[in-house]
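Peer 1: Before we start, here is the structure in question, set down as structure tokens.
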Amino acid sequence: MNSMRTLLLTAIGCTLIHLATAQDKERRLMINLKLGPSIPVGRFAHISFHDRPGSPHDTSGNAVPGLTGNIQLQYHLNKNWDISLQAGGSLHRQNVRELARSVRKTLPEDATVVASARQWKAIHIMAGAYYRIPISSNERLELQPGLSAGICNTAKPGHRVFYRYKIQGDPFTYDMSGAFSLGNQSLPWSFCYQADVAIKFHINKRLSLLLDLAYFDARLPYKYSYSAGQFPNDPLYWIPTKKQYALSAVNLQTGMSLKF
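Heads up, the sequence shown stops at 268 in my numbering, and the numbers go up one at a time, no gaps.
What follows is the structure, encoded as structure tokens:
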């Protein structure tokens, strides 16, 4: 009786070990959660508020460092190659201090300027591929360079400015004030891509920690019309054209990866 019980327990144990091993081998799908700072570069980081006064053709993003996050599904195709699908977004404030300074330059020295601005809010969906390179003898540390492409969307954020100053007269002093604003400019869904390299540390067969350095880039067109100087108030004489806003950033994200 005892021998049969021992044999049965041994068989059950072997079966459970076999199932657990098989399940580990079948765990090819993982979810990555990433969050970190986003540093704007290029025209996205260029500071120039040319909406009052200035050129309507300006494409400066006026963006300052912000935050980005992603949720990513990653699937092991084979020993070295993975494919992925990710959705994420980013937030970048505009440089309000520079906006106020640019307006103050056009006013008397004692002018008071109060500026506010909305922030860039972008979302994206991308598919990609990664190549896995073990960089430690026990394969717990892994390098993963990758390339992704997809679509993204945002709106050029607006801003608002209030100013006030005094004019010395004889015999009176006059208070002068004014305000102007620019609303959000809707932009279409556009192509985007990302090149990144991630380092993963596998804590166990299911859980990993990761560090990801990525370059993200997109060009979003905006159609508009402008006056060439003749009959500026008559839209019949306006010239249609378009410009592109760059959405370029270097992102450094940390996070975790879970296989299931």
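For every residue, glycine included, the Cβ atom is placed at its ideal position computed from N, Cα and C.
Just so we're clear, the structure is a prediction, and the values are computed from it rather than from any experiment.
Check the DSSP bridge columns for Thr114 and list the partner residues they point to.
Peer 2: Reading the sequence shown from its first residue, position 106 is the one you call residue 114. Answer is none; Thr114 lacks a bridge partner.
Peer 1: Look at the alpha carbon of Gln202 and the alpha carbon of Ile247, and state the distance between them as a whole number of angstroms.
Peer 2: One-based indexing of the sequence shown puts residue 202 at position 194. One-based indexing of the sequence shown puts residue 247 at position 239. Roughly 35 angstroms separates the two Cα atoms.
Peer 1: In this structure, how does DSSP classify Ala53 when only helix, strand and coil are distinguished?
Peer 2: Locating residue 53 in the sequence shown gives position 45, where the first residue counts as 1. If DSSP states are grouped into helix, strand and coil, Ala53 belongs with coil.
Peer 1: In angstroms with no decimal places, state the Cα-to-Cα distance between Asp225 and Ala254.
Peer 2: The count along the sequence shown starts at 1 and reaches residue 225 at position 217. The count along the sequence shown starts at 1 and reaches residue 254 at position 246. Computed Cα separation, rounded: 7 angstroms.
Peer 1: What number of angstroms, rounded off, separates the C-alpha of Asp59 from the C-alpha of Pro165?
Peer 2: Looking up residue 59 in the sequence shown gives position 51. Looking up residue 165 in the sequence shown gives position 157. Reliability of the predicted coordinates at Asp59 is poor, the pLDDT of 49 falling under 50, and no value is obtained from them.
Peer 1: Got a sec? Which residues, its chain only, sit under 6 angstroms from Gln176 by beta carbon, not counting five neighbours each side?
Peer 2: Locating residue 176 in the sequence shown gives position 168, where the first residue counts as 1. Within the same chain, Gln176 has no close Cβ partners at all.
Peer 1: State yes or no: is the C-beta of Ala130 within less than 8 angstroms of the C-beta of Ser92?
Peer 2: Taking the first residue of the sequence shown as position 1, residue 130 is located at position 122. Taking the first residue of the sequence shown as position 1, residue 92 is located at position 84. Against a cut-off of 8 angstroms, the Cβ pair of Ser92 and Ala130 comes out as no contact.
Peer 1: Given that a residue counts as buried once 16 or more other Cβ atoms are within 10 Å of its Cβ, and exposed if not, what is Asp183?
Peer 2: Here residue 183 corresponds to residue number 175 of the sequence shown, with the count starting at 1. Exposed: under 16 other Cβ atoms inside 10 Å.
Peer 1: Rounded to whole angstroms, what is the Cα-Cα separation between Tyr230 and Val111?
Peer 2: As a first step, residue 230 is located in the sequence shown; it is residue number 222 there, counting from the start. As a first step, residue 111 is located in the sequence shown; it is residue number 103 there, counting from the start. Approximately 25 angstroms between the Cα atoms of the pair.
Peer 1: Would you give the residue range spanned by the beta strand (DSSP E) that Pro229 belongs to?
Peer 2: Translated into the one-based positions of the sequence shown, residue 229 becomes position 221. Taken as a continuous stretch (DSSP letters only), the beta strand (DSSP E) holding Pro229 covers 215-234.
Peer 1: Could you check the C-alpha separation between Asn40 and Asn259 for me, to the nearest Å?
Peer 2: Within the sequence shown, numbered from 1, the residue matching residue 40 stands at position 32. Within the sequence shown, numbered from 1, the residue matching residue 259 stands at position 251. Approximately 16 angstroms, taken between the alpha carbons.
Peer 1: Kindly confirm or deny that the segment 203-212 and the segment 146-165 touch, where touching means at least three C-beta pairs closer than 8 angstroms.
Peer 2: Counting Cβ pairs under 8 angstroms, three or more are found: they touch.
Peer 1: Rounded to whole angstroms, what is the Cα-Cα separation between Val121 and Val72?
Peer 2: Walking along the sequence shown from the start, residue 121 turns up at place 113. Walking along the sequence shown from the start, residue 72 turns up at place 64. Approximately 20 angstroms, taken between the alpha carbons.
Peer 1: Asn161 bridges to which residues according to DSSP?
Peer 2: As a working note, residue 161 is residue 153 in the sequence shown. DSSP output for Asn161 lists Ile131 as bridge partner(s).
Peer 1: Can you list, in chain order, the residues of its chain whose CB lies under 6 angstroms from that of Ile55, leaving out five sequence neighbours each side?
Peer 2: The residue labelled residue 55 in the question sits at position 47 within the sequence shown. For Ile55, where only same-chain residues beyond five positions count, the Cβ hits under 6 angstroms are Asn70, Asn103, Glu106.
Peer 1: Around the Cβ of Ser46, are there at least 16 other Cβ atoms within 10 angstroms (buried) or fewer (exposed)?
Peer 2: As a position in the sequence shown, residue 46 is number 38, starting the count at 1. With 16 or more other Cβ atoms within 10 Å, it is buried.
Peer 1: Taking the alpha-carbon positions, what's the Ala257 to Tyr232 distance?
Peer 2: Sequence index remark: in the sequence shown, residue 257 carries index 249 (1-based). Sequence index remark: in the sequence shown, residue 232 carries index 224 (1-based). Their Cα atoms are separated by approximately 26 angstroms.
Peer 1: So for Ala254, helix, strand or coil by DSSP?
Peer 2: In the sequence shown, the residue the question calls residue 254 occupies position 246. In this structure, Ala254 counts as strand in the three-state DSSP scheme.
Peer 1: From the DSSP output, in three-state form, read off Ala137 for me.
Peer 2: Translated into the one-based positions of the sequence shown, residue 137 becomes position 129. Three-state result, Ala137: strand.
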